[in-house]
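Written out below as structure tokens is the structure these notes cover.
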Amino acid sequence: MKSFALNYANHSAKDIWAFVCKQLRSSMGAATYRCWIAPLKCAGFDGSALVLSCPTKFIADWVEGHYLSKIKDSLPTEISDVKFVVGKVVAQAEPVVSEPVSSEPVQQVIDFGDYQPTISSKIDSRYKFESFVVGSSNQIAAAAAKRIAESKVVPGLNPLFLHAGVGLGKTHLMHAVANQLAQTHPELNVIYLSAEKFLHMFIRSLRDKKSLEFKEELRAADILMIDDFQFIAGKESTQDEFLHTFNALVDSGKQLVVSCDRFPSDFENISERMRSRLSSGLVLEIEPADYELRLEILKTKAAAMDIQIPEEVLEFLASKITSNIRELEGALNRVFARAVLVSEEISVENAKLWVADLLKIKVKQAGLAEIKNLVVEHFEISEQQIFSKSRLQKVARARQVAMYLARQATEKSLPEIGKYFGGKDHTTVMHAIRRVEELAISDSATQNDLEVLTKKLKSC
Ligand code: ADP
Ligand code: MG
């Protein structure tokens, strides 16, 4: 089989990053892309990793915490890693491919101060009701969103609380509401904010002593949509802010739509008042898509990409990639990249190779407790030790490996992993992951540990 390395050999790091950006823009949506990926610049290669420079540590941490796997998914298989550097890059990176990437001038790093998102919502025009494929798992949520888009405020549906796991269409539906209203009621003030953007703007408004203006702007919405509420919910200050805004809006008869990865009742750290507010309208769940819906979505997307994919390949993907629609799209993008960029034959055999890592779904479903158990046993340490603050080398290494595996094998966020392993913060987790990634290259004992543990994890 031809490998990507051959085909990328004539491309610079910058070209590869441009290709990745293109994929990310279409897979993550323009708003998120603009907010988090556009500020990143490719600084080159350091031998094995694509080096991205970020204007601030905040952006670096956020992107690493939220989008790293997405970025990695879009990279050619030969480039296994991505590194983030903050600020201007001084050292020239080493080339990884035959064309000397290091001859590229290092990009100027943009100044975060210039990067001023306004409250005007960036809506992805591709996310429409027309492009949302409806099946039994999402039809009620889609119908509710449509009602809101048609009638603006729907009493029984206010607030509408959309609950679904990652990649099941929450963001798509909210953008669809905004897109439709922009057409039919351009006079309405529709505000859509991702949690990232909400937090970002909230923090900035505090910094600039403009929190009053920020509040006013939010409260001037006719329809306010807040995406990925789970990122806001745990934070006391923003939670209060949101609750006030929420009350003000609902009291004045404005529509609120909130998306979240869990039910209001599943939050540990929100106030009772907030919980009951969130549940006071309609709480709807989008369930994982069944086979028919997955196949239909693949067909629709393949048609939109203008690519002919044999039915059996689509059926293969729909039957094997079951976790969420985003992964399904990721798989389709791989097929697209291989077929279009490298002109490889689109067959089930080839597709199996291209999406092999996405098929390791069993590993993805391991829980933190399984990982902890395996690591404790493997490193012969106690449970107390792994949760402790001990810096004993053996214990610290075991904890780092556990955090690394948790990131690889579960859908948990960095803060969640940190919290589980003894209340560490997300930067500790990030440091641990980076350390293990380095050791995985330089240290054969760690390589062996990872190999053994990954094998065991797969058979969990
Ligand atoms: P979430 O916000 O729930 O994590 P998204 O709305 O971002 O998920 O969806 C992930 C990707 O899957 C998006 O590109 C979206 O367009 C696509 N998607 C999800 N559900 C559907 C659907 N029913 N029909 C078409 N595309 C979908
Ligand atoms: Mg989303």
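For the sequence shown, our numbering gives the first residue as 15, with consecutive numbering after it. For each residue, glycine too, the CB sits at the ideal point set by N, CA and C.
Contact check for Val415 against Val389 passes: the beta carbons are separated by less than 7 Å.
Within the same chain, Ile137, Asp138 and Tyr141 come within 6 Å of His189 by CB-CB distance, once the 5 residues on both sides are set aside.
Taking C-alpha positions only, Arg276 is separated from Lys184 by approximately 12 Å. Here Ala316 really is in contact with Leu346; their C-beta atoms are around 6 Å apart, less than 8 Å. Within the segment 285 to 319, the runs of beta strand (DSSP E) that reach at least 3 residues and sit entirely inside it are, in chain order, 296 to 300. DSSP places Tyr47 within a helical segment (H, G or I) once states are collapsed to three. Taking C-beta atoms under 8 Å as the contact rule, Val180 and Ile311 fail to qualify, at a distance of about 16 Å. Note that the segment 291 to 304 does not touch the segment 196 to 215; fewer than 3 beta-carbon pairs, one per stretch, sit closer than 8 Å. Arg287 and Ala57 have their C-alpha atoms some 47 Å from each other. Remark: fewer than three beta-carbon pairs, one from each stretch, lie closer than 8 Å, so the segment 454 to 465 and the segment 425 to 440 are not flagged as touching. For Gln269, the enclosing beta strand (DSSP E) stretches over residues Gln269 to Cys274. Going by DSSP, Ala57 is part of no alpha helix (DSSP H) but of the beta strand (DSSP E) stretching over Lys55 to Phe59. Residue pairing by DSSP places Ser208 opposite Asp241 in a beta bridge.
With a beta-carbon spacing of about 6 Å, Leu270 and Asn172 fall inside the 8 Å limit used to define contacts.
Contact between Val65 and Lys97 holds: CB atoms are separated by about 5 Å, below the 8 Å threshold. In the DSSP annotation of this structure, the continuous segment of the beta strand (DSSP E) that includes Val100 starts and ends at Asp95 to Val100. One residue after another in chain order, those with a Cβ under 6 Å from a heavy atom of the ligand MG are Lys184, Thr185, Asp241 and Asp242.
Contact check between the segment 349 to 363 and the segment 317 to 326: three or more CB pairs, one atom from each, fall below 8 Å, which counts as touching. Bridge partners of Cys68 according to DSSP: Val100. Approximately 6 Å separates the beta-carbon atoms of Leu207 and Ile240; this is inside 8 Å, confirming the contact. Taken in chain order, the complete alpha helix (DSSP H) segments of 4 residues or longer contained in the segment 157 to 239 are 184 to 198, 209 to 221 and 225 to 233. A direct Cα-to-Cα measurement between Tyr434 and Ile447 gives close to 15 Å. Here DSSP, grouped into helix, strand and coil, assigns Ala52 to coil. In this chain, the alpha helix (DSSP H) harbouring Asn347 covers Ile339 to Phe350. Around Gln461, the same chain offers Ala454 as residues with beta carbons nearer than 7 Å, after the five sequence neighbours per side are excluded. In this structure, the C-beta of Arg340 approaches the ligand ADP to less than 6 Å from one of its heavy atoms. DSSP links Ala446 through a beta bridge to no other residue. Between the alpha carbons of Pro90 and Glu358 lies a distance of about 15 Å.
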